[in-house]
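Top to bottom, those sequences are chains B and L. Position 205 of the first sequence, counted from 1, bears residue number 272 in the working numbering, the numbering being contiguous throughout. Position 163 of the second sequence, counted from 1, bears residue number 1055 in the working numbering, the numbering being contiguous throughout. Written below as structure tokens is the structure these notes are about.
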Amino acid sequence: MNGRIIGTLVASDFRNFIRDKFVSIMMAAGMALFIAIYFLMPGKVEETIKIGLYLPQIPHLTGMLPREEGVEFYQAQSEEDLKREIMERRILFGISAPGDGGTSLQSGQRPRIFVYYPSDVPDEIKEMGTILVGEMINEAGGYRSGIEAAEIVLGPDMGGKQIPHRNRMLPLLVFVFLISETIGLANLITEEWRGGTVRALLTTPMTGVDFFAAKGITGLWMSLSQIFLLLILTGSLGRNALLIAVTLLLGALMINGAAFVIASASRDMMSVIGWGTLFMMLLAVPAITVMIPGPVAGWIKVIPSYYLVDILHRAINFGISWEGNLRGLLYLGGLDLAFNFLGIVALKRKLYES
Amino acid sequence: MPNEAIRVDRIEYSYGDIRAVQGISFAVGEGEIFGFLGPNGAGKSTTIKMLTGQLNPQGGKIEVLGMDIARNREKVQALIGICFERTNLYERMSAIENLNLFARLHGVKDFDVTEILVRVGLEQRGRDRVFGLSKGMKQRLMVARALVNRPSVLFLDEPTEGLDPASADNIRNVIRQERDRGATVFLTTHDMLEADKLSDRVAFINDGEIVALDTPDNLKQKFGKRAIRAQVRGEEGKMEEREIEMDRAGTATEVRALFDRDRVITIHSEEASLEDIFIKITGRGLSA
Chain B
68 MNGRIIGTLV
78 ASDFRNFIRD
88 KFVSIMMAAG
98 MALFIAIYFL
108 MPGKVEETIK
118 IGLYLPQIPH
128 LTGMLPREEG
138 VEFYQAQSEE
148 DLKREIMERR
158 ILFGISAPGD
168 GGTSLQSGQR
178 PRIFVYYPSD
188 VPDEIKEMGT
198 ILVGEMINEA
208 GGYRSGIEAA
218 EIVLGPDMGG
228 KQIPHRNRML
238 PLLVFVFLIS
248 ETIGLANLIT
258 EEWRGGTVRA
268 LLTTPMTGVD
278 FFAAKGITGL
288 WMSLSQIFLL
298 LILTGSLGRN
308 ALLIAVTLLL
318 GALMINGAAF
328 VIASASRDMM
338 SVIGWGTLFM
348 MLLAVPAITV
358 MIPGPVAGWI
368 KVIPSYYLVD
378 ILHRAINFGI
388 SWEGNLRGLL
398 YLGGLDLAFN
408 FLGIVALKRK
418 LYES
Chain L
893 MPNEAIRVDR
903 IEYSYGDIRA
913 VQGISFAVGE
923 GEIFGFLGPN
933 GAGKSTTIKM
943 LTGQLNPQGG
953 KIEVLGMDIA
963 RNREKVQALI
973 GICFERTNLY
983 ERMSAIENLN
993 LFARLHGVKD
1003 FDVTEILVRV
1013 GLEQRGRDRV
1023 FGLSKGMKQR
1033 LMVARALVNR
1043 PSVLFLDEPT
1053 EGLDPASADN
1063 IRNVIRQERD
1073 RGATVFLTTH
1083 DMLEADKLSD
1093 RVAFINDGEI
1103 VALDTPDNLK
1113 QKFGKRAIRA
1123 QVRGEEGKME
1133 EREIEMDRAG
1143 TATEVRALFD
1153 RDRVITIHSE
1163 EASLEDIFIK
1173 ITGRGLSA
């Protein structure tokens, strides 16, 4: 390996990359857009549930409602006021007992209480409203259950410190940067192949190892410089900075290998975009599951980007350090070797046999 | 022959079932311009790729500057210059940046980019990006790039193909200057006039085999016929063509008779061209 040759080629790649107006404009615009999206997303999670009440005939029922942390009640002036607050999304749902609700209750008749929901309310909220009204009625009727429920949180209690949407989106943004630079690197190599410059390079004292090392460094520079800028601007590098840096380096190496594979299968920019999109669709799945949490199937661990996203999410959003991520880092290292081996073999075959 | 700069010993290469090069052997001396002629698909480009380390021969051996290229590829490539058939420059970089890049890759420290641009007549366009240059300028820049490391052996693959006369002439001058400097020039072309003008020796390759190898003069002598061609106005005033073969016992008498009998309008001596010889040997033309 020759440092002078590698440095010369990296500098030349840098120059060519910057002078490709399409790529550099897309890169700058992408950066600005992603940072804007991040800051436009809510910075904190609204954890207080607001419930509206309109109980003119039975005001004492208000005092019987369970007082929980994170639950606030809004006393509506009229039923119309209650409905308006719901429609304008200022309260989650509303409970109304108009007319003679109080008289009915006192006389032992079945009172009529209405629970108003917005049209897009999830089933869980509807269920919550029904339980709350049931509890109110039980309290009012003097029925008390002999069973007491206690809440026990397993793992870090995120109550009151939920991960904001923007932070959930960070692994996806990082991933989009990585994959877009994969396309950039694959396109750079494909252009060299199409333009024949790779033949000119490989007939100088440059070896194949020098060529791949230079392209690898160019790829790492392209992806990591932007990602670190994003993390610094969003203040996400504070905790576990070294772990995040190592993870990103390993992730970028894996993605470099993917770029070699894409370049080996591509003939022009369109085919690079085609193969790149296919890779992106598959590799983005773990990042999407972080953004939209829910039960994740075990097969997701088969997707090579899972470990990259998982370590970043745990390190940035949960503050989990080296100890909790060692296994993931080892997997990621193994994937680096596999992707780069595959990419170099495929690309070498193409470059030397064409 | 002076010391050998290139020695090729029974090299072979096949693309699947197609045998592109079939056990050819030849040697090129130091300071010699060696023309390698053949039609498209004859095996010229495959041979030049093997000689420059871009392809490994599937059989046989190649020595360049005394080194086996299969074992010393990078060492050999540091001492040779290659001008490819197809333009392969960095289009977004300027002419100067392209030349500096390859000088650095070769590790040339005292590289004078202006001097090399002057030699190929591009001193006024050095700062222009390559995509703005004409085809002839790009080709001259390709030749300049092949010279950045002052190569001991210069491989030129169809260097003047499709160029305007001025650009082609500039490249021919550079080739002669390189030979005068002591470099060996391996020139592949299917332009027989160019090969005739420049080459000390030429080899004809056809269907992957060398079918003739000698100096252009020797080949003409061996395979060609010398003749005198005249345009005359005959007895009835009609223009006619006469051809008298030279180097025969009765040639002088026939020439005298021509002047006595007819009114000679034009008269030329005629030599066989390399293309005539190639056709005679292979039955096909060089441009085929």
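Glycine included, every Cβ here is placed at the ideal spot set by N, Cα and C.
Pick from the options that is closest to residue i, judged by C-alpha positions
i	options	result
E840(L)	I92(B), S186(B), D277(B), R82(B)	The question about residue 840(L) has no answer here: the residues shown for chain L are numbered 893 through 1180.
M321(B)	L399(B), I370(B), T271(B)	L399(B)
T1006(L)	V1040(L), E955(L), T979(L)	V1040(L)
V1124(L)	R1153(L), F1115(L), D1109(L), R1140(L)	R1153(L)
D960(L)	L981(L), G973(L), V900(L), Y907(L)	V900(L)
T944(L)	L1150(L), V1012(L), N964(L), L1090(L)	N964(L)
V200(B)	P189(B), A217(B), V182(B)	V182(B)
A987(L)	G999(L), C975(L), I1008(L), K1001(L)	I1008(L)
L1155(L)	M1138(L), E1163(L), S1165(L), R1134(L)	First, the amino acid is wrong: residue 1155(L) is Arg here, not Leu. Nearest C-alpha to R1155(L): R1134(L).
K967(L)	R1093(L), I940(L), G999(L), E1162(L)	G999(L)
K111(B)	K415(B), N307(B), V412(B), N384(B)	N384(B)
Y121(B)	I359(B), Q142(B), V243(B), I102(B)	Q142(B)
A1199(L)	I1136(L), D1109(L), N1110(L)	The structure shown does not extend to residue 1199(L), since chain L is modelled only from 893 to 1180, so the question has no answer here.
L149(B)	V138(B), G137(B), K117(B)	K117(B)
R1073(L)	K1001(L), A1104(L), T939(L), L1046(L)	L1046(L)
I72(B)	G275(B), K88(B), R179(B)	G275(B)
I940(L)	D909(L), G958(L), G973(L)	G973(L)
I387(B)	A308(B), E202(B), L269(B)	A308(B)
G1188(L)	T1081(L), F1151(L), A970(L), L971(L)	The question about residue 1188(L) has no answer, for chain L in this structure spans 893 to 1180.
E1163(L)	R1118(L), R1176(L), F1151(L), M1131(L)	R1118(L)
Residues sharing a beta bridge with residue i, DSSP
i	result
K953(L)	D901(L)
V920(L)	I898(L)
Y907(L)	I910(L)
M959(L)	V956(L)
R1155(L)	R1125(L)
T979(L)	Looking at the DSSP assignment, T979(L) forms no beta bridge with any residue, so it has no partner.
T1080(L)	F928(L), D1049(L)
M1131(L)	R1125(L)
D1106(L)	V1094(L)
G161(B)	G119(B), Y183(B)
A142(B)	Correcting the residue type first, residue 142(B) is Gln in the shown sequence and not Ala. Per DSSP, L120(B).
A1119(L)	E1137(L), E1162(L)
E1101(L)	N1098(L)
S986(L)	R1021(L)
G305(B)	Partner(s): none; G305(B) has no beta bridge.
G973(L)	L1046(L)
Under 8 angstroms between C-beta atoms of residue i and residue j
i	j	result
G119(B)	G161(B)	yes
A354(B)	V376(B)	yes
Q946(L)	R266(B)	yes
E922(L)	N895(L)	yes
V956(L)	I898(L)	yes
T271(B)	L997(L)	yes
L397(B)	P371(B)	no
D403(B)	G324(B)	yes
I1120(L)	I1159(L)	yes
D1088(L)	P1108(L)	yes
M1084(L)	S1161(L)	no
V357(B)	A413(B)	no
P185(B)	R157(B)	no
Assumed close pair residue i, residue j - CB separation to whole angstroms, cut-off 8 angstroms
i	j	result
V339(B)	T257(B)	5 angstroms
S1026(L)	T1076(L)	Not quite, the Cβ-Cβ distance comes to about 30 angstroms (not below 8 angstroms), so this is no contact.
G927(L)	L1079(L)	5 angstroms
S331(B)	G410(B)	7 angstroms
L245(B)	G318(B)	6 angstroms
L310(B)	A382(B)	5 angstroms
I284(B)	V77(B)	5 angstroms
D1056(L)	G1013(L)	Not a contact, Cβ separation roughly 12 angstroms.
F1023(L)	R984(L)	7 angstroms
- request: Indicate whether the contact test is met: 3 or more Cβ pairs, each with one atom in the stretch 269-284 of chain B and one in the stretch 366-375 of chain B, closer than 8 angstroms.
  value: no
### Query
Hey, is the stretch 86-101 of chain B in contact with the stretch 238-256 of chain B, meaning 3+ C-beta pairs nearer than 8 angstroms?
yes
Given 8 angstroms as the limit, is there contact between the stretch 1053-1071 of chain L and the stretch 1139-1151 of chain L, that is, 3 or more CB pairs closer than that?
no
Okay, do the stretch 1029-1044 of chain L and the stretch 976-996 of chain L touch, 3+ Cβ pairs below 8 angstroms being the bar?
yes
Touching by the beta-carbon criterion (3+ pairs, under 8 angstroms), the stretch 1159-1173 of chain L and the stretch 1103-1117 of chain L
yes
May I ask you to verify whether the stretch 909-921 of chain L touches the stretch 385-396 of chain B, counting CB pairs closer than 8 angstroms and requiring at least 3?
no
Quiz item: Three or more beta-carbon pairs under 8 angstroms between the stretch 1127-1142 of chain L and the stretch 1097-1106 of chain L, yes or no?
Solution: no
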